[in-house]
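Engineer: In our numbering, the protein residues as written are 436 to 725.
For every residue, glycine included, the Cβ atom is placed at its ideal position computed from N, Cα and C.
Since the model is a prediction, treat every value here as computed from it, not as a measurement.
My questions all concern the structure below.
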Amino acid sequence: MTTSSPILIITGYSGSGKTTISKILEDMGYFCIDNLPLPLFHQFMEIIAKTRSEELEKLAMVVDIRERRLIQGFPDFYNGLREKGLPLSIIFLDATREALILRYKRTRRPHPLSLEDGKTLEEAIDEERAVLEPLKALSSLVINTSDKTPEQLKVILQNNLVIENQEATFYLTVESFGFTHGIPEGSDLVLDVRFLPNPYYIDQFKSRTGKEKEVRDFLFTFPEMWEFMEKTTAYLGYLVEKSRKERFYLTLAVGCTGGRHRSVVVAEELAEHFRQKGYKIHLIHRDITK
Numbered sequence: 436m437t438t439s440s441p442i443l444i445i446t447g448y449s450g451s452g453k454t455t456i457s458k459i460l461e462d463m464g465y466f467c468i469d470n471l472p473l474p475l476f477h478q479f480m481e482i483i484a485k486t487r488s489e490e491l492e493k494l495a496m497v498v499d500i501r502e503r504r505l506i507q508g509f510p511d512f513y514n515g516l517r518e519k520g521l522p523l524s525i526i527f528l529d530a531t532r533e534a535l536i537l538r539y540k541r542t543r544r545p546h547p548l549s550l551e552d553g554k555t556l557e558e559a560i561d562e563e564r565a566v567l568e569p570l571k572a573l574s575s576l577v578i579n580t581s582d583k584t585p586e587q588l589k590v591i592l593q594n595n596l597v598i599e600n601q602e603a604t605f606y607l608t609v610e611s612f613g614f615t616h617g618i619p620e621g622s623d624l625v626l627d628v629r630f631l632p633n634p635y636y637i638d639q640f641k642s643r644t645g646k647e648k649e650v651r652d653f654l655f656t657f658p659e660m661w662e663f664m665e666k667t668t669a670y671l672g673y674l675v676e677k678s679r680k681e682r683f684y685l686t687l688a689v690g691c692t693g694g695r696h697r698s699v700v701v702a703e704e705l706a707e708h709f710r711q712k713g714y715k716i717h718l719i720h721r722d723i724t725k
């Protein structure tokens, strides 16, 4: 049995995007098994532990776990397989209560637990969150899918999966946003740059964005912009360096009012600063077109 890449166990809340993640992993070359019931998972893993081959080197399984009686024994089984040398890694898909409710209302499909005892959608979601909490605690990676597109989820997976014996790499995600549209889910740090002069109120910049040189140059005519960048890069430099010793990724969100000017300029500057320091950077401008 080879062990160059972990066997991925994909689980999480109903409606959190397990099918989407499975399709993304297939595009990344994984052999995916969808909706494997937990009792069959036990049997399957025992077989894999004995017969795993290079043909199934990149293996991912979407495991459906909802019953308390099944979950109670799962941690011991999971840890036992890891102690035997099987490289397992759980990816848990999270989402806010509001996002899950909205998804079910859009699809008009019943929540699996709402079919039991006539539960409301809200009651079913709350029960599942409580049931899956022990499993979430076992996870190597928790992805909040509430406001993520399939493209963003693919980048998150690419950034966090250690494949073919590659050494783990630390990734820094820098995301600009507008407070008007809400703070991005899953942010580790949030910078509020609304104190900076707003190019929106300058006629020639109103319809433009912070990706344009003229808007950037305008902001850097103000001493507070220079001072902010100097102090922020120093502080973040220390924090990012410490974080890379404890984790594989860090998400920094930079917000202004609308997410089109100030936050974009600052995000671009921070991304370039850390790129020059040798970090792997993922840059997102969430609200630049809004």
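Roughly how many whole angstroms lie between the Cα atoms of N594 and P634?
Structural biologist: When rounded, the distance between both Cα atoms is 34 Å.
Engineer: Does DSSP classify Y673 as helix, strand or coil?
Structural biologist: Here Y673 sits in helix by DSSP.
Engineer: If you count every other CB in all the chains shown that lies within 10 Å of the CB of F630, and 16 or more means buried, which is it?
Structural biologist: Result: exposed.
Engineer: Considering only the beta carbon of each residue, do E620 and T531 sit closer than 8 Å?
Structural biologist: Yes, the Cβ-Cβ distance between E620 and T531 is below 8 Å.
Engineer: Would you kindly work out how many angstroms separate the C-alpha atoms of S678 and L685, rounded to a whole number?
Structural biologist: Going by the C-alpha atoms only, they are around 7 Å apart.
Engineer: Specify the secondary structure class of Q601 as computed by DSSP and reduced to three states.
Structural biologist: For Q601, the predicted model reports a pLDDT of 45, less than 50, meaning its position is unreliable; a value from the coordinates is still stated below. Three-state DSSP puts Q601 in coil, outside helix and strand.
Engineer: With DSSP as the reference, please indicate the residues paired to A495 in a beta bridge.
Structural biologist: Answer by DSSP bridge pairing, in chain order: L443 and C467.
Engineer: For I525, which beta-bridge partners are listed by DSSP?
Structural biologist: In the DSSP output, where bridge partners are listed per residue, I525 has I444.
Engineer: Leaving out five residues on either side along the sequence, give the residues of the same chain with a beta carbon under 6 Å from the beta carbon of S581.
Structural biologist: Around S581: A530, T531, A534 and E620.
Engineer: Could you tell me how far apart the beta carbons of S575 and I525 are, in whole angstroms, since I believe they sit closer than 8 Å?
Structural biologist: About 6 Å separates the two Cβ atoms, so the contact holds.
Engineer: Measuring CB to CB, does Y448 end up less than 8 Å from L567?
Structural biologist: Contact: yes.
Engineer: With burial defined as no fewer than 16 other Cβ atoms inside 10 Å of the residue's Cβ, what is the status of R541: buried or exposed?
Structural biologist: Exposed: under 16 other Cβ atoms inside 10 Å.
Engineer: For L548, which residues of its own chain have a beta-carbon under 7 Å away from its beta-carbon, when the five flanking residues on both sides are left out?
Structural biologist: Here the set comprises R501, K554, A559, E562 and E563.
Engineer: What are the boundary residues of the alpha helix (DSSP H) that L550 is part of?
Structural biologist: Taken as a continuous stretch (DSSP letters only), L550 belongs to no alpha helix (DSSP H), as it is neither H nor E.
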